[in-house]
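**Student:**
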Amino acid sequence: MGVLFPGTVQELSSVIKLLNQHKISFVARGAGRGLSGGAVPQEGSVIIEMARFKEVHEVDLVNRTITVGPGVINLHITENVHSHGYPYAPDPSSQKACTIGGNVAENSGGPHTLKNGVTVNHVLGVEMVFLTVSYLHLVENILECPDRICWGW
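Here the sequence shown stands for residues -6 to 146, where the numbers follow our numbering.
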């Protein structure tokens, strides 16, 4: 078992392809704050740590979206959008340390999600790396939620 720290989508794609060539399984890891064991690898597997993907790429106030890397801390997203007068509901107890990538993987919640929904209700798009393509960008039409505050990454 080992831990890898890619820093770009290209590095991540190369790592995944190399692991596949050698038939080595892997687990992507956020901050490791989840209580469900989502980042626990099988014996002989590799952990791909996403901590280096911590950029806030864009805050779009018109469309009420924020585009961030999976290594961005949940609390940083909350503070960023709150500074513009908007809420971000998913606030797990580990909010000060957990990452949005882990939140998406585990569909994290928290006390404010009872009213406004868990992580899946706030994610409008994701980029995913696959073996067959370098990466895939999936986006939901943000016009589908005009009557509520939607923050996506």
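Every residue, glycine too, gets a C-beta built ideally from N, C-alpha and C.
1) Nearest by alpha-carbon distance to V18: which of L(-3), S101 and S29 is it?
2) Taking the beta strand (DSSP E) that G21 belongs to, which residues open and close that run?
3) Considering only the alpha carbon of each residue, which of V49, L54, E42 and G94 lies closest to V61?
4) Pull up the DSSP beta-bridge partners for G(-5), would you.
5) What does DSSP give as the partner residues of I66 in its beta bridges?
6) Can you give the Cα-Cα distance for E99 and N67, rounded to whole angstroms?
7) Run through the DSSP bridge pairs and tell me what I59 is partnered with.
8) Three or more beta-carbon pairs under 8 Å between the region 38 to 49 and the region 20 to 30, yes or no?
9) Can you have a look at H196 and say buried or exposed, based on whether 16 or more other CB atoms are within 10 angstroms of its CB?
10) Terminal residues of the continuous alpha helix (DSSP H) containing N109?
**Tutor:** On the basis of the data shown:
1) According to the sequence as given, residue 18 is Ser; it is not Val. For S18, the nearest C-alpha among the options comes from L(-3).
2) The question names Gly, but residue 21 is Ala in the sequence shown. It spans F19 to R22 - the beta strand (DSSP E) in which A21 sits, taken as one unbroken run.
3) V49
4) V39
5) T92
6) 13 Å
7) V52
8) yes
9) Because the chain spans -6 through 146 in this model, residue 196 falls outside it and cannot be assessed.
10) T106 to N109
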